[in-house]
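J.:
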Amino acid sequence: MIDAADFAAHLQRHVELAGSALAIATLLGLAFGSLSSHAHAARGPIVTLAGIGRVIPSLALITLMIPVFGLGFRSACVALTLLAIPPILINTDLGFRSVDPAASDAARGMGMTATQMFWRIEWPAALPITFAGVQTAAIEVIASATLAAFIGAGGLGEYITRGLDANITSILFIGAVGVAALALLTNLALGTLRRLIGVRT
Amino acid sequence: MRFERVSVRYPNAEASAVEDVSLELSAGAFTVILGPSGCGKSTLLRTVNRMVVPAAGRVYVDGTDNAQININTLRRSTGYVIQAVGLFAHMSVADNIAIVPGLLQWDSKRIEQRVDELLDLVRLPATYRNRLPRELSGGEQQRVGVARAIAARPRVLLMDEPFGAVDAIVRKSLQEESKRIAQLLKTTILFVTHDVDEALGLADRIVVMAAGKVVQYGTPLELLTNPTTPFVEDLLDTHDVVRRLGLLRAQDVMQPPRPETEGAIDAQATLRDSLNQFLQGAGTLAVERDGRRIGTLDFGDVQAAIRR
Ligand SMILES: Nc1ncnc2c1ncn2[C@@H]1O[C@H](COP(=O)(O)OP(=O)(O)OP(=O)(O)O)[C@@H](O)[C@H]1O
Ligand SMILES: [Mg+2]
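Order-wise, the sequence lines are chains B and Z. For reference, each letter of the first sequence is one residue, going 1 to 201 in my numbering. For reference, each letter of the second sequence is one residue, going 1001 to 1308 in my numbering.
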């Protein structure tokens, strides 16, 4: 019932789920985070919404998707995306706000265009903080993707449902350890990447 | 540079921050705007590079109405130093200094050379090139701020309380450096401060402002000897004799050389410096330039200078 090929398939599914959710969430989080930090009026609603998104339990979020997207990959992916957006969005917003007002005043005074200011001053200042948000989101998404198995979307959570159904702890254990290891490895990889970026910028 | 009936009103403000200011600054002069907090000094300064747009009036830079100059061209040819320095934290010292030359698309070799020149000019070791701003002291950051502002040889240099955030000793040395740099650059400098001694020490001319208006405009000595309003009199404490003596140099009031002297003083030294020697009992001082005696100074000359 459990062999290497089986594990690899579930692992792949898990990574696909978490990876696509994270990718979409990064794009949306960056877009709305930079919007909220640049447009005064938009900030309140966007940040509040993100705050609410943060406190909805992942299981509830996944269940809520079923009536809309049905059982399976799509529901899980949408739910995980919604889960991943808040930390990325909020950190992006904070990142852009962390730009020293004196530095942007100086940049403007030196004759930088808005585009030049964005790429040379604001983005480099925001990047490390945004990246930390992506890192947090990645761990959350990998952990929560376990729940996808409950709505038939597969992934390493499958071992947990199977273990529960068959009441065999060792199967359940494989799922749990697999998810934890994946989360830890991802965290390590992103942390290293972050340091590399940190040196460059 | 010329201000012509410039008024500035911020949105939602009851009064104008700057009201009907007309001024003509001589090219290459060091002009200081002096006045109490909130009187509109920074606002007036910022109309020059259009960081603030006047509600009425015009500002001419090099004879051209600055509203007619492309805003980025105007700003890239106008150096700007602010109190908070505003260095870019993620960039090295060299990259900070190289910003405007970069915007003006100088080639990289020329930029490198210029950065070296500027580090030398503001007396920072060349090894500081690759440091980050947070690895510098406050005074060193101010120096980088000045270097960055003058990197592309601006025709006009705006300095808004550039030394407000450093301690008195560092400020003193930065003031001396600015004076030296100003003489080297021959740039028109507009410098904001609320520190009277800083203004008296640096300025060719001082603009005294109060509540958005220019109260008096003149040389430091003119303001001290001939304040036109009680406000200027109070602000500059014009009765402070010692302060006035700080503006006169030995060479300005000396008499022809005489053989019998009891000490020496440099021709460039101020009468304030000479007081020390007189108080210690010197009767007549030899005034020297490069070690050569060019005149004499006694306490009577100092007294006469006060009465003038
Ligand atoms: N961005 C702004 N919006 C609204 N009001 C402003 C703004 N900037 C300055 N003011 C107001 O305009 C007036 C003049 O301000 P300004 O900054 O020119 O003063 P200042 O002489 O430079 O003072 P300080 O010595 O404290 O820097 C003040 O009353 C200030 O509150
Ligand atoms: Mg000010």
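Ideal Cβ positions, reconstructed from N, Cα and C, are used throughout, including at glycine. Computed from a prediction, not measured in an experiment: that's the story for all the values here.
Is the stretch 70 to 87 of chain B close to the stretch 1048 to 1067 of chain Z, with three or more CB pairs under 8 Å?
T.: Touching, no.
J.: Cα separation between residue 1142 of chain Z and residue 100 of chain B?
T.: Their backbone Cα atoms lie some 16 Å apart in a straight line.
J.: Closer than 7 Å from C-beta to any heavy atom of ligand 4: which residues, in chain order?
T.: Absence of ligand 4 from the depicted structure is noted, with ligand 1 and ligand 2 being the only ligands included.
J.: Would you mind giving the Cβ-Cβ distance between residue 1293 of chain Z and residue 1257 of chain Z, rounded to the nearest angstrom? I have them listed as a contact below 8 Å.
T.: Rounded, the Cβ-Cβ distance is 5 Å, consistent with contact.
J.: List the DSSP bridge partners of residue 1147 of chain Z.
T.: Residue 1147 of chain Z is not bridged to any residue.
J.: Using three-state DSSP, classify residue 1157 of chain Z as helix, strand or coil.
T.: Correct three-state label for residue 1157 of chain Z: strand.
J.: Between residue 1103 of chain Z and chain B, is any beta-carbon pair separated by less than 7 Å?
T.: So, interface residue.
J.: Nearest to residue 84 of chain B by alpha carbon, out of B/162, B/43, B/172, B/55?
T.: Taking only the C-alpha atoms, the option nearest residue 84 of chain B is B/55.
J.: Leaving out five residues on either side along the sequence, give the residues of the same chain with a beta carbon under 7 Å from the beta carbon of residue 200 of chain B.
T.: Because residue 200 of chain B carries a pLDDT of 46, less than 50, the predicted location of this residue cannot be relied on, and the following value inherits that uncertainty. Excluding sequence neighbours, residue 200 of chain B sits near nothing in its chain.
J.: Anything in chain Z within Cβ reach of residue 210 of chain B, meaning under 8 Å, just list it in chain order.
T.: With chain B running from 1 to 201 in the structure shown, residue 210 of chain B is simply not present.
J.: Give the secondary structure of residue 1169 of chain Z by DSSP, where H, G and I count as helix, E and B as strand, and everything else as coil.
T.: It is helical.
J.: Confirm, please, whether the CB-CB distance from residue 1045 of chain Z to residue 1174 of chain Z is below 7 Å.
T.: No. Outside cutoff.
J.: Looking at C-alpha atoms only, which residue of Z/1166, Z/1270, Z/1191, Z/1152 is the closest neighbour of residue 1178 of chain Z?
T.: The option with the nearest alpha carbon to residue 1178 of chain Z is Z/1191.
J.: For residue 178 of chain B and chain D, any beta-carbon pair shorter than 7 Å?
T.: Structure shown: chain D not included; protein chains present are B and Z.
J.: First and last residue of the beta strand (DSSP E) that includes residue 1007 of chain Z?
T.: Its beta strand (DSSP E) spans residues 1002 to 1008.
J.: Under 7 Å, Cβ to Cβ, is there at least one residue of chain Z near residue 109 of chain B?
T.: Interface residue, yes.
J.: Using the Cα positions of residue 1227 of chain Z and residue 1219 of chain Z, report the straight-line distance between them to the nearest angstrom.
T.: Whole-angstrom Cα-Cα distance: 11 Å.
J.: Short of 6 Å in beta carbon distance, which residues of its chain neighbour residue 197 of chain B, apart from the five on each side in sequence? Order them along the chain.
T.: Hits under 6 Å: none found.
J.: Return helix, strand or coil for residue 1262 of chain Z, following the three-state DSSP convention.
T.: Coil at residue 1262 of chain Z, not helix or strand.
J.: Comparing the CB of residue 1194 of chain Z with every heavy atom of ligand 1, is any distance shorter than 6 Å?
T.: Yes, Cβ of residue 1194 of chain Z sits closer than 6 Å to a heavy atom of ligand 1.
J.: Show which residues of chain Z have a CB atom less than 7 Å away from the CB atom of residue 124 of chain B.
T.: Residues of chain Z passing the Cβ test: 1090.
J.: Using a Cβ cut-off of 7 Å (strictly closer), state whether residue 171 of chain B contacts chain Z.
T.: For residue 171 of chain B, the answer is no, since every Cβ of chain Z falls outside 7 Å of its Cβ.
J.: For a test of the three-state rule: what should DSSP assign to residue 1189 of chain Z, helix, strand or coil?
T.: In this structure, residue 1189 of chain Z counts as strand in the three-state DSSP scheme.
J.: Alpha carbons only, please: which of Z/1245, Z/1288, Z/1020 is nearest the one belonging to residue 1009 of chain Z?
T.: If we check each option's Cα against that of residue 1009 of chain Z, Z/1020 comes out closest.
J.: Determine the contact status of residue 1297 of chain Z and residue 1250 of chain Z, defining contact as a CB-CB distance below 7 Å.
T.: The answer is yes: Cβ separation under 7 Å.
J.: Give me the DSSP bridge partner(s) of residue 1058 of chain Z.
T.: Residue 1058 of chain Z is bridged to Z/1004.
J.: With respect to 6 Å, is the separation between the Cβ of residue 979 of chain Z and the closest non-hydrogen atom of ligand 1 below this value?
T.: The first residue shown for chain Z is 1001 and the last is 1308, placing residue 979 of chain Z beyond what the model contains.
J.: Residue 1055 of chain Z: which of Z/1136, Z/1149, Z/1017, Z/1088 sits nearest, CA to CA?
T.: Cα-wise, what sits closest to residue 1055 of chain Z is Z/1017.
J.: Give a yes or no on whether the C-beta atoms belonging to residue 1232 of chain Z and residue 1217 of chain Z are separated by under 7 Å.
T.: No, they are not a contact pair.
J.: Which bits of chain Z does residue 121 of chain B rub up against, with CB to CB less than 7 Å?
T.: Within 7 Å Cβ-Cβ: 1088.
J.: Ordered along the chain, which non-local residues of its own chain (more than five positions away) have a Cβ less than 6 Å from that of residue 1245 of chain Z?
T.: Contacts found: 1271, 1272.
J.: My output table needs one value for residue 189 of chain B: the three-state DSSP class, helix, strand or coil.
T.: Correct three-state label for residue 189 of chain B: helix.
J.: Have a look at residue 1014 of chain Z and residue 107 of chain B and give me their C-alpha separation to the nearest angstrom.
T.: C-alpha separation (whole angstroms): 30 Å.
J.: Closer than 8 Å by beta-carbon distance: list the chain Z residues that pair up with residue 113 of chain B, in chain order.
T.: Those are 1072, listed as they occur along chain Z.
J.: Alpha carbon to alpha carbon, how far is residue 159 of chain B from residue 3 of chain B? Give it in angstroms, no decimals.
T.: Looking at the two C-alpha atoms, the distance is approximately 12 Å.
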